[in-house]
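All letters in the sequence shown, in the order written, are residues 14 to 418 by my numbering.
Virtual Cβ for every residue (Gly too), placed ideally from N, Cα, C.
Keep in mind it's a predicted model, so treat the numbers as computed, not measured.
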Amino acid sequence: MARFTLPRDLYHGKGALEALKTFEGKKAMICVGGGSMKRFGFLDKAVAYLKEAGMEVQLFEGIEPDPSVETVMKGAAAMEQFQPDWIIAMGGGSPIDAAKAMWIKYEYPDITFEEMCKVFGIPKLRKKAHFCAISSTSGTATEVTAFSIITDYAKGIKYPIADFEITPDVAIVDPDLAETMPKKLVAHTGMDAMTHAIEAYVSTAHCDFTDPLALHAIKMIQHDLVESYNGNMAKRDSMHNAQCLAGMAFSNALLGIVHSMAHKTGAAFADYGAHIIHGAANAMYLPKVIAYNAKVPAAAERYAQIADFMQLGGETQQEKIHLLIAYLRGMNDALNIPHCIAHYGTDSYPTEQGFVPEDVFLARLPEIAKNAIGDACTGSNPRQPSQEEMEQLLKCCYYDTEVDF
Numbered sequence: 014m015a016r017f018t019l020p021r022d023l024y025h026g027k028g029a030l031e032a033l034k035t036f037e038g039k040k041a042m043i044c045v046g047g048g049s050m051k052r053f054g055f056l057d058k059a060v061a062y063l064k065e066a067g068m069e070v071q072l073f074e075g076i077e078p079d080p081s082v083e084t085v086m087k088g089a090a091a092m093e094q095f096q097p098d099w100i101i102a103m104g105g106g107s108p109i110d111a112a113k114a115m116w117i118k119y120e121y122p123d124i125t126f127e128e129m130c131k132v133f134g135i136p137k138l139r140k141k142a143h144f145c146a147i148s149s150t151s152g153t154a155t156e157v158t159a160f161s162i163i164t165d166y167a168k169g170i171k172y173p174i175a176d177f178e179i180t181p182d183v184a185i186v187d188p189d190l191a192e193t194m195p196k197k198l199v200a201h202t203g204m205d206a207m208t209h210a211i212e213a214y215v216s217t218a219h220c221d222f223t224d225p226l227a228l229h230a231i232k233m234i235q236h237d238l239v240e241s242y243n244g245n246m247a248k249r250d251s252m253h254n255a256q257c258l259a260g261m262a263f264s265n266a267l268l269g270i271v272h273s274m275a276h277k278t279g280a281a282f283a284d285y286g287a288h289i290i291h292g293a294a295n296a297m298y299l300p301k302v303i304a305y306n307a308k309v310p311a312a313a314e315r316y317a318q319i320a321d322f323m324q325l326g327g328e329t330q331q332e333k334i335h336l337l338i339a340y341l342r343g344m345n346d347a348l349n350i351p352h353c354i355a356h357y358g359t360d361s362y363p364t365e366q367g368f369v370p371e372d373v374f375l376a377r378l379p380e381i382a383k384n385a386i387g388d389a390c391t392g393s394n395p396r397q398p399s400q401e402e403m404e405q406l407l408k409c410c411y412y413d414t415e416v417d418f
């Protein structure tokens, strides 16, 4: 038996934010990030709509990118004091992910972070509050998923929280919010969405209900992402829907080792000032993982089907897989995303997050590989890597070398 779970309601299209005025409750806490929702006026609109619905509103602001365990605990304490019956998470993946974890701690004050990370082990929620997620970026799709990513900076590891209990009750997918994204964020979140859709389609947990969502998302991203990156707002609006469809797919089909590797490399070099942004990590690792997974016949067949759906050409299965990999690398070029970790943060691909030195990468490689294998996303990958294979694969992702094993 398998399960397919989505939010109870999904409001979409321009002006969908107005759905907040129909909510019923006494108190709402809005969880937001660094200020873009306030700068563009969306936070004020949300507060006004909730007050129009008769609610008392309190804000929890300043949730950082890649939210920490400490932020989760602070937010849960604020909720415990305010006692909201609606939690409204607004912004990119970070505030929504953080608010999901806060929600668990609010409902179960004695639960530890380690207990929260037990895969599909969260107790029943909604005894105190319901949850609404409003996405402003077009990638994580956390507004419709059963996942949250929280970073333990002391360990340098991102931990996925996975349970259908944290699937939001309501998702608001309003493209007006996505039109405010800076260009680099469009690129990174877009390739995150493409990775979600491709990994969902080849996951060992895929099914008849997830396959159409994944394929349609892939097609939309193929047609819309680069033009969205180059400023076409109609395509930007379409990408907001595409990433949501990809989220619906992977929330139920699960993911694979592209995400396992991204989770475990993202904060592994933070003490060197080097942070590999999640979407960029996915974009760099995806072509390598396709080459690795394609050694398994069932996965090769699924990748070839994706290539056919994208109308990439090719006569043989291997030609189709090669064309898929080449196409994705071409997308990275068009989006100014490097092909490997060694080039990330260099003069050619500057970031604010720094460069990962080769000696540091190699010294930490065994531990990163071990943590990636243990990541919650690895179990549904079509090929299960050994420690040696994961280290080899991560080296290919560092140096941009061919995957021949």
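* Just tell me which of Pro363, His201, Ile185, Glu120 has its CA closest to the CA of Ile234. => His201
* Smallest Cα separation from Leu33: which of Ala59, Ala15, Lys131, Asp22? -> Ala59
* Met403 lies in the alpha helix (DSSP H); which residues open and close that run? -> 400-412
* Alpha carbon to alpha carbon, how far is Ser264 from Val157? -> 8 Å
* Asked: Which of helix, strand or coil does DSSP assign to Phe126?
  -> helix
* Asked: In terms of DSSP beta bridges, what is Glu69 paired with?
  -> Lys40
* With DSSP as the reference, please indicate the residues paired to Lys171 in a beta bridge. => Thr164
* To do: Would you list the one or two residues that DSSP bridges to Gly104?
  => Ser148
* To do: Determine the contact status of Pro80 and Ser107, defining contact as a CB-CB distance below 8 Å.
  => yes
* Asked: Is it a yes or a no for the region 136-155 touching the region 341-358, going by three-plus beta-carbon pairs under 8 Å?
  -> no
* What is the residue span of the alpha helix (DSSP H) that Val309 lies within? -> Note, Val309: premise wrong, no alpha helix (DSSP H); not H, not E.
* Asked: Who does Ser81 pair with in a DSSP beta bridge?
  -> Thr164
* Separation of Ala41 from Ala184, as counted between CA atoms -> 15 Å
* **Nearest residue (CA-CA) to Asn394, options Ala66, Glu37, Ala213, Met129** => Ala213
* Could you give the residue range of the alpha helix (DSSP H) that holds Ile185? -> Element bounds for Ile185: not the alpha helix (DSSP H) but the beta strand (DSSP E), 183-186.
* Do Ile163 and Ala114 have their C-beta atoms closer together than 8 Å? -> yes
* Three-way DSSP call (helix, strand, coil) for Leu23 in this model -> strand
* Asked: Is there contact between the region 272-282 and the region 378-389, where contact requires at least three CB pairs shorter than 8 Å?
  -> yes
* Asked: Thinking just about the alpha-carbon of each residue, which of His335, Ala313, Asp98 is nearest to the one in Pro144?
  -> With the sequence shown as reference, residue 144 is identified as Phe, and Pro is not the correct amino acid for it. With distances taken between Cα atoms, Phe144 lies closest to Asp98.
* Give me whichever residues DSSP pairs with Trp99 in a beta bridge. => Ala41, His143
* **Boundaries (first-last residue) of the alpha helix (DSSP H) holding His209** => 196-215
* Relative to the alpha-carbon of Asp388, which residue among Met103, Val271, Asp205, Ala91 has its alpha-carbon at the smallest distance? -> Val271
* Proximity winner among Lys333, Met297, Gly327, relative to Thr414 (alpha-carbon distances) -> Met297
* Do three or more CB pairs link the region 185-197 to the region 220-229 at distances below 8 Å? -> no
* Could you please give the first and the last residue of the uninterrupted alpha helix (DSSP H) stretch that includes Phe374? => 371-386
* Report back the beta-carbon spacing between Met129 and Ile117 to the nearest angstrom; my notes put them in contact at under 8 Å. => 5 Å
* To do: Classify Glu120 as buried or exposed, calling it buried when 16 or more other Cβ atoms lie within 10 Å of its own Cβ.
  => buried
* If you draw a straight line from the alpha carbon of Ile386 to that of Pro398, how long is it in whole angstroms? -> 7 Å
* **Whole-Å CB distance - Lys463 paired with Asp321, under 8 Å assumed** => This structure cannot speak to residue 463, because the chain is shown only from 14 to 418.
* Take every Cβ of the region 359-379, pair it with every Cβ of the region 399-410, and state whether three or more of those distances are shorter than 8 Å. => yes
* **Under 8 Å between C-beta atoms of Gly260 and His229** => no
* Asked: chain C beta carbons: is any one of them nearer than 8 Å to that of Ile354?
  -> As a matter of chain content, chain C is missing from the structure shown, which is built from one protein chain.
* Among the residues of its own chain, which have a CB less than 6 Å from the CB of Glu404, if the five just before and after it don't count? -> Leu378, Ala382
* Given a threshold of 16 other Cβ atoms within 10 Å of its Cβ, counted over all protein chains shown, does Lys248 qualify as buried or as exposed? -> buried
* Does the Cβ of Val369 have 16 or more other Cβ atoms within 10 Å, making it buried, or fewer, making it exposed? -> buried
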